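K.L.:
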Amino acid sequence: MPQSGPFVANLEPPDIQAGLPRRLGTVTNTLGPFWRSGTGLFGLAPQEDGTLALRSIDAASGVVHDLGVRLPAGIAQGVGLNENPATRP
20 MPQSGPFVAN
30 LEPPDIQAGL
40 PRRLGTVTNT
50 LGPFWRSGTG
60 LFGLAPQEDG
70 TLALRSIDAA
80 SGVVHDLGVR
90 LPAGIAQGVG
100 LNENPATRP
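Per the working numbering, the sequence shown starts with residue 20, numbered consecutively.
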């Protein structure tokens, strides 16, 4: 599966070039982001053990922090996130 990453865009750019989306740091394989707080974004990242890790992402620099929180993969199904049956063993 190809890696995915978040992008940001200026919704009121002074010119076309400034309005083009730009990659937010080197963040990969983060679902969401599903919540924003100030300049921070929060997202979930699938782990090898099947859990989802909660990550914070600084929207200005793209720096990612693993918050040390692990959730069972099925917990997010009620909020519009689903596990991919193709990735099941």
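Beta carbons are placed, not taken as given, at the ideal position from N, Cα and C, and that holds for glycine.
Every value quoted in this text rests on a predicted model; they were computed, and no experiment measured them.
#1: Which word fits residue 38, buried or exposed, when buried means at least 16 other C-beta atoms lie within 10 angstroms of its C-beta?
#2: The beta strand (DSSP E) that contains residue 38, what's its start and end?
#3: Please confirm whether residue 71 and residue 87 have their CB atoms less than 9 Å apart.
#4: Since residue 76 and residue 46 are thought to touch, with beta carbons under 8 Å apart, how far apart are those beta carbons, to the nearest angstrom?
#5: Is residue 92 helix, strand or coil when you go by DSSP?
#6: For residue 49, is the classification buried or exposed, using 16 other Cβ atoms within 10 angstroms of its Cβ as the cut-off for buried?
P.N.:
In short:
#1: Exposed, by the Cβ-count rule.
#2: It is not in any beta strand (DSSP E) - residue 38 instead sits in the alpha helix (DSSP H) that spans 35–38.
#3: Contact flag unset, no.
#4: Cβ atoms of residue 76 and residue 46 come within 8 Å of each other, at about 6 Å.
#5: Helix at residue 92.
#6: That one is buried.
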